[in-house]
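In the working numbering, the protein residues as written are 307 to 418. Here a beta-carbon is modelled for each residue, glycine too, at the ideal position from N, C-alpha and C. Report on the following structure.
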Amino acid sequence: MAKKGKKAELEMQEEIVEEVVDAVQPEDAVDNEDPPASEEDEGSRANDETEDLPFEVGKWGGHPQWRCKLCAFDTLKGEAVMWDHLREQHMPPPEPAPTVLIADKSGKEKRS
């Protein structure tokens, strides 16, 4: 009778494991691949990426024109010129590290 009890207990544990596995991985799930992206989705992703940029790209005379969102600067020369403008005009260099004065044993101050 003790063997039947252990056997029944093992069967119950196996059933519980199967239920947990089924809950985590349903049988009807074939694969986890995303559906193919449509052209509208790709366009919205491109718009999301350009919204984060500090400049916008438009057209002028059939040519691409880069316009700074922070000032009136615009260029037809390319994105690299726009990034140079942003670095020079809108991203000031970091402040220099503060000077920490340290005194030696005799009381003389030294720069570190």
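**Cβ contact (3+ pairs, closer than 8 Å) linking the region 380-387 and the region 403-418** = The region 380-387 is not in contact with the region 403-418.
- Task: Give the straight-line distance between the Cα atoms of Gln371 and Asp410, rounded to the nearest whole angstrom.
- Result: Going from the Cα of Gln371 to the Cα of Asp410 covers about 60 Å.
Taking the DSSP output, what are the residues bridged to Asp410? Per DSSP, none; premise fails for Asp410.
Indicate the three-state DSSP secondary structure (helix, strand or coil) for Asp390 in the structure shown.
Asp390: helix per DSSP, three-state reduction.
- Message: I'd like the list of long-range same chain contacts for Cys377, defined as Cβ closer than 8 Å, with 5 residues on each side in sequence excluded.
- Response: Around Cys377: Gln395, His396.
Looking only at its own chain, which residues have a Cβ that is under 6 Å from the Cβ of Glu401, when we skip the five neighbours before and after it?
-> Within the same chain, Glu401 has no close Cβ partners at all.
What does the Cβ neighbour count give for Met388, buried or exposed, with the cut at 16 atoms within 10 Å?
By the neighbour-count rule (16 or more Cβ atoms within 10 Å), Met388 is buried.
- Proximity to Leu359 [Cα-Cα], best of Gly368, Trp366, Leu392: Checking every option, the nearest Cα to that of Leu359 belongs to Leu392.
- Query: Rounded to a whole number of angstroms, what is the C-alpha to C-alpha distance between Trp366 and Arg373?
  - Reply: If you draw a straight line from the Cα of Trp366 to the Cα of Arg373, it comes to about 11 Å.
Item checked: Enclosing beta strand (DSSP E) for Pro370 [first to last residue] -> Counting along the chain, the beta strand (DSSP E) containing Pro370 begins and ends at 369-374.
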